[in-house]
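Enquirer: Oh and the sequence shown: position 84 is 332 in the working numbering, straight run, nothing missing. Where a beta carbon is used, it is the ideal one built from N, C-alpha and C, also for glycine. My questions will all concern the structure given below.
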Amino acid sequence: MRVKMFLAVLLLALVTACSEQKTMFPENFANPGVNTPPTGWLDDAAYSDGKFKAWGWAADNEDGSPVTRVALYVDNKLVGYAKLGIERPDVAKTMQRPDWAKAGWQIEAQIQLPSGSHKASAVAYDKMSAFTILSCVKPGQFEKEFLGK
Ligand SMILES: [Ca+2]
């Protein structure tokens, strides 16, 4: 119970720390003609048996969820686009946006990586092609390190 509470508070703190994205909401409600880029998170990335996996969530103030596209990069090279629309009731609840319940995304891609450290990053796009490089690990960090084998 305490762990769940801690995780909920941690998630809220991380989300709140995305102050640049968060402060856009009230402005946008006041100016419905203004489009804002998506928000979200690269939760984790891993590599095993020649398969790269990454997952997270992304949602858009105007479009809700899922977003239009999430592109994944490894060592700054595009490896593919994530499967979208995965259920994330935790995001909808924490962000108080029922229309963000399908914000989850994930990707599995067969790629060859040498052993050692690699960096994954994800970019989410909305219908207007506004985009956000998703934070990972902590707000403002845009690359998730993982090991190639
Ligand atoms: Ca938008």
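Along the chain, where does the alpha helix (DSSP H) that runs through Val339 open and close?
Expert: Locating residue 339 in the sequence shown gives position 91, counting from the first residue. Where Val339 is concerned, the enclosing alpha helix (DSSP H) stretches over Pro337 to Met343.
Enquirer: So does the stretch 360–374 actually touch the stretch 343–350, counting three or more Cβ pairs closer than 8 Å?
Expert: In short, these stretches do not touch, since the Cβ pair count stays below three.
Enquirer: Of the residues Val371, Gln354, Asp297 and Pro314, which one's Cα is nearest the Cα of Gly333?
Expert: The sequence position of residue 333 within the sequence shown is 85, counting from 1. That would be Pro314, whose Cα lies nearest to the Cα of Gly333.
Enquirer: Going by DSSP in three states, Asp323 sits in which element: helix, strand or coil?
Expert: As a position in the sequence shown, residue 323 is number 75, starting the count at 1. Reduced to three states, the DSSP call for Asp323 is coil.
Enquirer: Which term fits Ser296, buried or exposed, when burial requires 16 or more other beta carbons within 10 angstroms of its beta carbon?
Expert: As a position in the sequence shown, residue 296 is number 48, starting the count at 1. It counts as exposed.
Enquirer: Is it true that the CB of Lys392 sits closer than 8 Å to the CB of Asp292?
Expert: Numbered from its first residue, the sequence shown carries residue 292 at position 44. Numbered from its first residue, the sequence shown carries residue 392 at position 144. Yes, Cβ-Cβ distance for Asp292 and Lys392 is below 8 Å.
Enquirer: Assuming Gly288 contacts Trp305 under a Cβ cut-off of 8 Å, what Cβ separation, rounded to an integer in Å, is found between them?
Expert: Translated into the one-based positions of the sequence shown, residue 288 becomes position 40. Translated into the one-based positions of the sequence shown, residue 305 becomes position 57. Indeed, because the Cβ distance is near 5 Å, the residues count as touching under 8 Å.
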